[in-house]
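Working notes, beginning with the structure itself.
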Amino acid sequence: MEETNKAEEKSLNFIEEIIEEDLKSGKHQSVLTRFPPEPNGYLHIGHAKSICLNFGLAIKYGGSTNLRFDDTNPVTEDTEYVDSIKDDVRWLGFNWKNELYASDYFEQLFGFAQELIKKGLAYVDDSSSEEIAKEKGSPTQPGTRNRFADRSLEENLQLFDEMRAGKYRDGEKVLRAKIDMASPNMHLRDPLLYRIKHAHHHRTGDKWCIYPMYDFAHGQSDALENITHSICTLEFIPHRPLYDWCIEKLALFPSHQYEFARLNLTYTVMSKRKLLQLVNEKYVHGWDDPRMPTITGMRRRGYTSDSIRQFCERIGVAKRDNLIDVSLLEFCVREHLNKIAQRRMVVFDPVKLVLTNYPADQVEMVSSENNPEDPAGGHREIPFTRELYIERDDFMENAPKKYFRLTPGAKVRLKSAYIVECTGAIKDENGIITEIHCEYLPQSKSGADTSGLKPQGTLHWVSCKHAVDSEVRIYDRLFKVEDVGNAEGDFKDHINTDSLHVISKAYAEPALAESTADASYQFIRKGYFCIDKESTAEKMVFNRTVTLKDTWAKDKKK
RNA sequence: UGGCCUGUAGUAUAAUGGUAGUACAACUGGUUUUGGUCCAGUUUGUCGAGGUUCGAAUCCUUGCAGGCCAACCA
């Protein structure tokens, strides 16, 4: 009865407050947002925050969201990125209303520029970029306007036409807005509107050799689409006066820009430039390397879109710089995977366990639940035999006080099978343990246990005869320092060179042979895993998504 | 040394002049056939200084700290 109240208790972020006011005041009847990536790289978890914000707002207020590619710089952009971006947004679970491109508006943008020229608000400048930079002044020093600013409207119009017609080389001329060379806001000191680039564009081909700058494309694109709330990151705050200036001078739909703080995550980088460097310089094996904070990398690593959306929900939206602890992300993925992951047993670092009182040729099928969190998840059968593999570190000859795994004289439960008691271990000439000997307690079988014993430890195991060889890839953080962005020196100095461990021969229980590409697994006591795209029928390959929370490991460190 | 933005537990984020709350992290304990999950609990906070007010995280003054801005990038 009270459920509606409960749902409404969650407080609004500052953008939701603005939207609710706008809706209430009648400024807008509905909400139209946009997600405006530049197709020059792959999307990362920081973009996911923006995607969840833009699409989430539209969903919450019954509006919609356009996907608009900000493709005004043909030199760095490519359809490869367009495709990956669309794929990532869809995978995250969002549907856009229209798929649009800033390049769709090139003709209109050109017209807008002519309009400004006619109003005496723009001029063609022949200066070099060095001269322009010099005349711009500095934040504390006003700039000076050069002699080209006084050209006649006719001359400006003609030169601008000639720029478009290809009469000039790259860099020979630019179109500039005429605003205020003394403004304390550097972006208002006659900003560049158009530059010449004789470059092939991934959509418009060779039709254009002049391209609008971000500031002359973004706001107008928003306005042409009737975007009500144009949401971007903090570094665009100083651009807002220019955004508003263009809309005002051209008398367009009054889209408004709002800025929020971008996501920063511990132990990783979030800049496309740096990520591109990691890829190009082979620190990782591509954009979808599971160590990358890219959407595609996280997806390959086994993160679910649910968990990423949940993460974006929990980090909140505000205007202060932030550095989110990656453990929150890990918490979100564990939370989801715990509910959906099928439990399996896999031994990574095997040592043989022999049950000396168990018949040599006997194969007994034991039943184990697929997911204790999901009663409907069913059970599977696992072969149990005299010779098993267990983890080497689940046995210690001289165990400390609180160690409750195997040690001579101790009893442990073999998961879903029997309680066993350790009777000794065999070593080779180097003192390495080659075999652990135990006796099993026949009356202690799982589900039919009449032993009355309650050993503290439970171990995972795999029958030697039935073990399936597989490869397991263990990932660690990509960087050694929490705040990579603010760490001293080059960011590459802080790369963790030990972020990938390949276990080429792990032993998996037979049920894993039927793994499917999109399934999530929990290898009991090991962590959450998924099938890698390089996995084959002959050699299965698993990625570790995230470890289980391990309070024992933490205790040991102390 | 110009302009703009931001300061609430370790990290984020609420409280919109009226009991500083929530999540993650950390730490205790309980349950457990995963040292997982689950449950119960503990620790930790309003950048500083003045002022307004019965009452300030919130308003005012001032100081301090951090971030952003001078690409023919977005």
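If you read the first sequence in the working numbering, its first letter stands for residue 95, the second for the next number, and so on.
All residues carry an ideal CB built from backbone N, CA and C; glycine is no exception.
- Exclusion of the five residues before and after A519 leaves I527, I530 as the residues of its chain whose Cβ lies within less than 6 Å of its Cβ.
- The closest CA to that of S124, considering only D116, P285, Y622, is found on D116.
- Look at I321 here: in three-state DSSP terms it is coil, with no helix or strand label.
- In the three-state reduction of the DSSP assignment, N432 falls in the helix class, which pools H, G and I.
- Between the C-alpha atoms of Y352 and F149 there is a straight-line separation of about 15 Å.
- The Cβ-Cβ distance between D626 and R571 does not fall below 8 Å.
- Per DSSP, T501 has no beta bridge partner at all.
- Residue state for V176 is assigned as helix, using DSSP reduced to three classes.
- Here F254 is near A207, since their CB atoms are less than 8 Å apart.
- Per DSSP, the continuous beta strand (DSSP E) segment holding V460 begins and ends at 458–463.
- Cβ-Cβ distances below 6 Å link L372 to V378 in the same chain, with the five nearest sequence neighbours on each side left out; the list follows chain order.
- DSSP places E523 outside both helix and strand once states are collapsed to three, so it counts as coil.
- Between the beta-carbon of C624 and that of G396 there is about 3 Å, and that keeps the pair under the 8 Å contact cut.
- Shown here, N358 sits in coil according to DSSP, grouped into three states, outside any helix or strand.
- Residues Q537 of the same chain have their beta carbon placed closer than 7 Å to that of T544, with the five preceding and five following residues left out of the count.
- Under the three-state reduction of DSSP, C303 is assigned to coil, being neither helix nor strand.
- Ranking L344, E224, G214, L357 by CA distance to the CA of N250 puts G214 first.
- Judged by beta-carbon spacing, L547 lies within the 8 Å limit of K505, meaning their Cβ atoms are closer than that value.
- When secondary structure is reduced to three states using DSSP, P494 falls in the coil class, being assigned neither helix nor strand.
- One thing to note: K643 has its Cβ within 8 Å of the Cβ of R428.
- In this structure, the CA atom of D284 is about 12 Å from the CA atom of C340.
- Only residues of its own chain outside the window of five on either side were considered, and among them D164 have a CB closer than 6 Å to the CB of E132, listed in chain order.
- Rounded to the nearest whole angstrom, the CA to CA distance from E110 to L151 is 7 Å.
- Of the candidates C326, H295, G525, C326 places its Cα closest to the Cα of F354.
- The C-alpha of L186 is placed about 8 Å away from the C-alpha of D400.
- The three-state reading of DSSP puts R408 in helix, counting H, G and I together.
- In the DSSP assignment, L286 forms a beta bridge with R270.
- In this structure, L287 is the residue among L287, N279, E224, S421 with its C-alpha nearest to the C-alpha of I211.
- Taking 8 Å as the cut-off, the Cβ atoms of T322 and H122 count as close.
- Distance from the CA atom of P130 to the CA atom of W381, rounded to whole angstroms, is 20 Å.
- A Cβ-Cβ distance of about 13 Å is found for the pair A311 and S349, leaving them out of contact under the 8 Å criterion.
- In the DSSP assignment, Q371 falls within the alpha helix (DSSP H) that extends over 366–374.
- Boundaries for S598: no alpha helix (DSSP H) harbours it, while the beta strand (DSSP E) harbouring it runs 594–602, taken from the DSSP string.
- Exclusion of the five residues before and after Q550 leaves F498 as the residues of its chain whose Cβ lies within less than 7 Å of its Cβ.
- Taking C-beta atoms under 8 Å as the contact rule, G621 and T645 fail to qualify, at a distance of about 14 Å.
- From the listed residues N464, V420, E256, N134, the smallest Cα separation to S365 is found for N134.
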